[in-house]
Amino acid sequence: MNAELLVVITLLCRTASSQLNWAVQRDDLSEYKLDSSVAGVRSDLECATLARPQHQAIKFDRERYTCRLYSCQLGTSGCRKCRNARNSTLPLLLVRQLDELGRTCWRTFQHRVDGSVDFYRNWTNYLTEFGQGEDRNYWMGLEAIHQLTRAGDRRV
C-alpha cells in the first residue's frame, strides 16, 4: 500500500468518526471558552476533523471560512442543557455527543434563580411542572421525571 492511499484512508476514517460524534444543536456560547479559531476551513466536516477531545462544540462560519473550536467552562457535559436546544435565539453549533446513545444534552429537573416562585409545596403540587420555564425558577414535575427515567437508559 502506498503512502498516498494510506493518507486518504486515514483521513476518511477520521472524517467518518468525527461526523458520527457530532450533532447540530442550539447552545449558549457564553458557557463555552473559545480555544481556537482556524481560517481557511471549507466545511462543517473539515471543522469537525480539527476538533480535539477537549472541544465540546464547534461553529463553522461559511461566509468567513472559519472554524471556531470551543471547550465548556463547566467541564465536559456542563454546558449541554436541553433547554438551550429549544431556544431559537441561540446559535446553531455542532456539539459532541455525550455518550454512545447519541445524547447531546441533559435535562433540568429544578432550577432556581431567585425567590419569586414558592417551592414550599405539597406532594400533589410536585407531581406536575411549575415555575417560569427551565431557564428561570422551575420544577419539572415528578411524573415527568418518572417518564424520563423509567426506560432504564438514563442516569439521575
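Residues -18 to -1, 1 to 138 in mature numbering (1 follows the signal peptide of the UniProt record, and there is no 0) are what the sequence shown spells out, letter by letter.
From the three backbone atoms N, C-alpha and C, an ideal C-beta is built for every residue, glycine too.
These figures come from a predicted structure and were not determined experimentally.
Can you tell me whether residue i is helix, strand or coil according to DSSP?
i	result
T31	helix
L124	helix
Y108	helix
S53	strand
R44	coil
D26	helix
Q7	strand
L75	strand
R12	The question names Arg, but residue 12 is Ser in the sequence shown. DSSP places S12 in helix when its eight states are reduced to three.
A133	coil
N119	coil
Would you mind sorting residue i into buried or exposed? The rule is 16 or more other CB atoms within 10 Å of its CB.
i	result
D43	exposed
K41	buried
Q129	exposed
Y102	exposed
K15	exposed
L74	exposed
Q7	buried
Contact check, residue i vs residue j under 8 Å by CB: the rounded distance?
i	j	result
residue 139	A126	Nothing about residue 139 can be reported from this structure: the residues present for the chain run from -18 to 138 only.
L72	D17	Going by Cβ atoms, the distance from L72 to D17 rounds to 20 Å, so no, they are not a contact pair.
H93	N66	In fact, because the Cβ distance is near 12 Å, the residues do not count as touching under 8 Å.
V23	T48	6 Å
W121	G113	5 Å
L11	V20	About 17 Å separates the two Cβ atoms, so there is no contact after all.
H37	L27	Not a contact, Cβ separation roughly 15 Å.
R89	C64	5 Å
A133	Q79	No, A133 and Q79 are not in contact; Cβ-Cβ is about 18 Å, not under 8 Å.
L109	G123	6 Å
Beta-carbon of residue i versus every beta-carbon of chain B: anything under 8 Å?
i	result
D100	Among the protein chains of the structure shown there is no chain B, as only one such chain exists.
Does any heavy atom of the ligand ATP sit closer than 7 Å to the C-beta of residue i?
i	result
D96	Of ligands this structure carries none, so the ligand ATP is not represented either.
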